[in-house]
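Take a look at the structure below.
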Amino acid sequence: MFYLRTCILFLFLFLFPFCVFAEDGSQLWLRFPNVKNGISTDKIISKGKNPTLDIAKKELTTYWQGQAVELRTEKSLKNLKDGYTIISGLDKIIISSAKETGLLYGVYHILRLQQTQSDLTHLNITEKPSYDVRILNHWDNLDGSIERGYAGHSLWKWEDLPGTISPRYEAYARANASIGINAVVLNNVNASPNMLKNEYLIKVKALADIFRPYGIKVYLSVNFSSPKVIGGLENSDPLNKKVQEWWKQKTNEIYKIIPDFGGFLVKANSEGQPGPQDYGRTHADGANMMADVLKPHGGIVMWRAFVYSASPEDRAKQAYLEFLPLDGKFRDNVIIQIKNGPIDFQPREPFNPLFGALKKTSEMVEFQITQEYLGFSNHLVFLGPLFKETLDSDTYAYGKGSTVSKVTDGTLRPAKLTAISAVANIGDETNWTGNHFAQANWYAFGRLAWNHQLGSDQIAGEWIKMTFTDDKNFVNPVKEMMLSSRETAVDYMMPLGLHHIFAFDHHYGPEPWGNIPGGRPDWMPVYYHKADENGLGFNRTQTGSNAVAQYFPPLNETYGNIETCPENLILWFHHVPWKYTMKDGKSLWDELCYTYDKGVKNVREYQKTWDRMEPYVDAERFHHVQSRLKIQSKDAVWWKDACLLYFQTYSKMPIPYDIERPVHELEDLKKIKLDMKHHN
Ligand code: GCV
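In mature numbering (1 follows the signal peptide of the UniProt record, and there is no 0), the protein residues as written are -22 to -1, 1 to 658.
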């Protein structure tokens, strides 16, 4: 009896925690809950040995439960790049690719099909990636902190590297490979010059060695002043021969250590970062200097277009004004990395007018997965629809149908190399992203970088089935919640084209009244919403900043005319009278009130939806998401009250009587100084 009790106690104490840990989110979408083991090695037909193939085989022997699998390297499939074909019959699946990485991607493809209960017997699939470089940008600092990171500290343990290798490095590489991500910038664009010191390059090599078999190349953000700061040179002028020589030597050193190094990402002359303009040179001078030394090694420069200064010019226009005159002046291994919108990763922005405007220069999109402006890791906001909105936006640069995806993927402007990037939301928290649902945004970026034609609906569906369960009682309501969640966040934060009315610096809560005396005007919310007795919104038409002129016809006219401007961007482009009649017959003021209210109501609905999901989810993840939704609900009310009570001081109109009354006093809201630890 004693023996039996001890056994039960042992089972409880030691095995039960493992069952629970299995659902702590650490396995992401690669849980394979029903798989005990995969196929035996004799059911895998493959010639050759290679570390990438070894991983592919290991995945099959661990998780694949179907037919025999043949992995074929086919040079004739070169046109698919690192894509692949999958052909299946009843007793065998053949995956073919010109590259081993393609075979690995093919294996993850069939595993995804298996996990999502698809028919595996009549497959005839051809996959070619939309972009060559599918890259995550980490804004991780050398001290372990992450700029705009909401999931703990950096994954990269610089102090321990290269001696101690965390198992999470490989788990990270595997997760990326499973969705086709093949590149990573390890460090913050606000880059420490120390990153290029030999002592760090050796650490970078350790990571590159782990990532390589998963098809992932490493890139670094570089500080433009590195020659001066760590090289001891007099300056970092790109036309100074000594500076050029320094970059050449440094680049040679990097390639000696990491032969397949990807290249540099540069934030220059932006938000206080050094750059070529410090020496009267242009962005092209700076980028080309680096491109020239990377070229012999096959490396590239991703030069960011996120530039704006405290000038009186509308911030939304500045990147375009700065970069357009440089079109055609960049080397062919430079890609201009452009944020999806012209301001800064707002809940909704029109697409950045630079897309399609640079006709002789390669361009790539930069998205933000980390939710700097979308409630950090507290709010459930699925970003698939936001990414799609930009990629599917028609720039009209080459006539109708010139979507952002087509001007960046090589379709309309052949480019040597195409790329797409996003700022990662990954940290060292057990569930990687802080909120379980934020994993879906990492997943969505990877899937869209691989195939920008995929719909948000499909991506969300795949992710839910793999991450939670394929029970349709769970999948359908949760998918519905995810798909509407971005619009909901826009509704309770910044509807109708409002933007950047966040609390200063931390960008979490509302501060539409923000106007620090003597502060930089373009860092103040009042600059963006321009509320006054007449109305609300930024006049960017011909009578205002004329930012509309940066868009190709007919968009300049569509956006420039208040009657034709899409209402979800109306306050981005127009200063709209409070009593202006919207398409549904309501006044602008009423529309604003009802939209904020709708945002709040939807989050309350999400809470109900989620609570009903309890039977289908493990307790740990259920409670985690439930508690985050409570925060989101409270925050939504906070946003609604702050914005409506503040804007009401200008509109002087009543909040429609059939919507929930504010529960805060405006003066109390103004006093809130956020305890970031609580919200982080
Ligand atoms: C890395 C915004 C963010 C900054 C970020 C910057 C950028 O301004 O608030 O934290 O800096 O964008 O993208 O460079």
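Backbone N, C-alpha and C fix where the C-beta goes; we use that ideal spot for every residue, glycine too.
Indicate whether the contact test is met: 3 or more Cβ pairs, each with one atom in the segment 411 to 424 and one in the segment 127 to 135, closer than 8 angstroms. yes
Reduced DSSP secondary structure (H/G/I, E/B, other) of phenylalanine 345: strand
With hydrogens ignored, establish whether the beta-carbon of arginine 126 is closer than 7 angstroms to any heavy atom of the ligand GCV. yes
Take the Cβ of isoleucine 180 as the centre, count every other Cβ of all protein chains shown within 10 Å, and call the residue buried at 16 or more, exposed below. exposed
DSSP-derived helix/strand/coil call for lysine 187: The residue asked about is misnamed: residue 187 is aspartate in this sequence, not lysine. It is helical.
Quick check on DSSP: helix, strand or coil for lysine 394? coil
Can the beta-carbon of phenylalanine 354 be found less than 8 angstroms from the beta-carbon of tyrosine 486? yes
So the candidates are Glu407, Gly538 and Ala151; which of them puts its Cα closest to the Cα of arginine 328? First, the amino acid is wrong: residue 328 is proline here, not arginine. For the residues Glu407, Gly538 and Ala151, the minimum Cα distance to proline 328 belongs to Gly538.
Specify whether the segment 13 to 24 and the segment 183 to 191 touch according to this definition: at least 3 beta carbon pairs, one from each stretch, less than 8 angstroms apart. no
Drop a sphere of 10 angstroms on the beta-carbon of asparagine 115, count the other beta-carbons inside from all chains shown, and report buried for 16 or more, exposed for fewer. buried
Please say whether alanine 438 and leucine 461 have beta carbons closer to each other than 8 angstroms? yes
Is it buried or exposed, valine 401, if we count other Cβ atoms within 10 angstroms and call 16 or more buried? buried
Can you tell me where the beta strand (DSSP E) with leucine 49 in it begins and where it stops? 46 to 51
Does the distance from the C-beta atom of residue 662 to that of proline 274 stay below 8 angstroms? In the structure displayed, the chain extends from -22 to 658; residue 662 sits before or after that span and is not available.
Coarse secondary structure for glutamine 95, derived from DSSP in three states: coil
I believe glutamate 300 touches valine 279 by the beta-carbon criterion, under 8 angstroms. Please report the beta-carbon distance rounded to the nearest angstrom. About 17 angstroms separates the two Cβ atoms, so there is no contact after all.
Please report the straight-line C-alpha distance between glycine 577 and serine 611, rounded to a whole angstrom. 9 angstroms
Those residues which DSSP pairs with leucine 114 across a bridge: Val162 and Ala400
Comparing alpha-carbon positions, which option in Pro171, Pro303, Thr373 and Glu407 lies nearest glutamine 5? Glu407
Valine 163: beta carbon under 7 angstroms from a heavy atom of the ligand GCV? no
Going by C-alpha distance, which of Lys443, Tyr376, Ala481 and Thr368 is nearest histidine 430? Thr368
By how many angstroms is the C-alpha of proline 331 removed from the C-alpha of threonine 519? 14 angstroms
Distance check for isoleucine 194 and threonine 94, CA to CA, integer angstroms please. 26 angstroms
If I follow the unbroken beta strand (DSSP E) through threonine 40, where does it start and stop? No beta strand (DSSP E) holds threonine 40; the alpha helix (DSSP H) holding it covers 29 to 41.
With distance defined between alpha-carbon atoms, name the residue in Glu643, Gly563, Tyr109 and Ser340 nearest to valine 615. Glu643
Helix, strand or coil at glycine 424 according to DSSP, with G and I counted as helix: helix
Can you tell me the Cα-Cα spacing of proline 107 and isoleucine 64, whole angstroms? 15 angstroms
One question on the structure: do serine 75 and leucine 91 come within less than 8 angstroms of each other, judged by their Cβ atoms? no
Nonlocal neighbours in the same chain, by C-beta distance under 7 angstroms from asparagine 102, ignoring five residues either side: Ile65
Evaluate glycine 210 with the Cβ neighbour count: other Cβ atoms within 10 Å of its Cβ, from every protein chain shown; 16 or more gives buried, anything less gives exposed. exposed
How many angstroms separate the CA atom of glycine 258 from the CA atom of aspartate 118? 30 angstroms
When the Cα of glutamate 338 is compared with those of His357, Asp305 and Gly475, which residue comes out closest? The amino acid occupying residue 338 in the given sequence is lysine; glutamate does not appear at that position. Closest by alpha carbon: Asp305.
Aspartate 322 CB to nearest heavy atom of the ligand GCV below 7 angstroms: yes
What is the DSSP secondary structure of glutamine 315, reduced to helix, strand or coil? strand
Give me, in chain order, the residues of the same chain whose beta-carbon lies closer than 7 angstroms to that of alanine 597; leave out the 5 immediate sequence neighbours on both sides. none
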